[in-house]
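Novice:
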Amino acid sequence: MDSLYFLIPVSVILVGLIAAIFLWAVRSGQFDDLDGPAHSILHEEEVLEEADEAVEEKDKDKELE
């Protein structure tokens, strides 16, 4: 029974700390756009075109040697 006098306040403090950290994360925008970075990989066509051009240039350089 004596341990409850210690454990209950510790658990209340711990829950309050977790709630404060969660509220800070929500207010700072940590959970605003979870799907955006995952979908942005699929829409980077410019980078792919530049990479394709670089590969083609390397192939041309190898053929000239």
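The numbers in this note's numbering rise by one with no breaks, and the one at position 53 of the sequence shown is 44.
Heads up, the beta-carbon is just placed ideally off N, CA and C, and yes, glycines get one too.
1. Can you tell me whether DSSP reads Gly7 as helix, strand or coil?
2. Since I believe Phe22 is in contact with Ala16 (beta carbons under 8 Å), could you give me their beta-carbon distance rounded to a whole number of angstroms?
3. Can you tell me whether Asp26 is helix, strand or coil according to DSSP?
4. Let me know the secondary structure DSSP gives Ser19 once reduced to three states.
Specialist: Answer, in terms of the structure:
1. The count along the sequence shown starts at 1 and reaches residue 7 at position 16. Reduced to three states, the DSSP call for Gly7 is helix.
2. Within the sequence shown, numbered from 1, the residue matching residue 16 stands at position 25. Within the sequence shown, numbered from 1, the residue matching residue 22 stands at position 31. The Cβ separation is near 7 Å, so the contact holds.
3. Within the sequence shown, numbered from 1, the residue matching residue 26 stands at position 35. Here Asp26 sits in coil by DSSP.
4. Position 28 of the sequence shown, counted from the start, is the residue given in the question as residue 19. In the structure shown, Ser19 sits in coil (DSSP, three-state: anything other than H, G, I, E or B).
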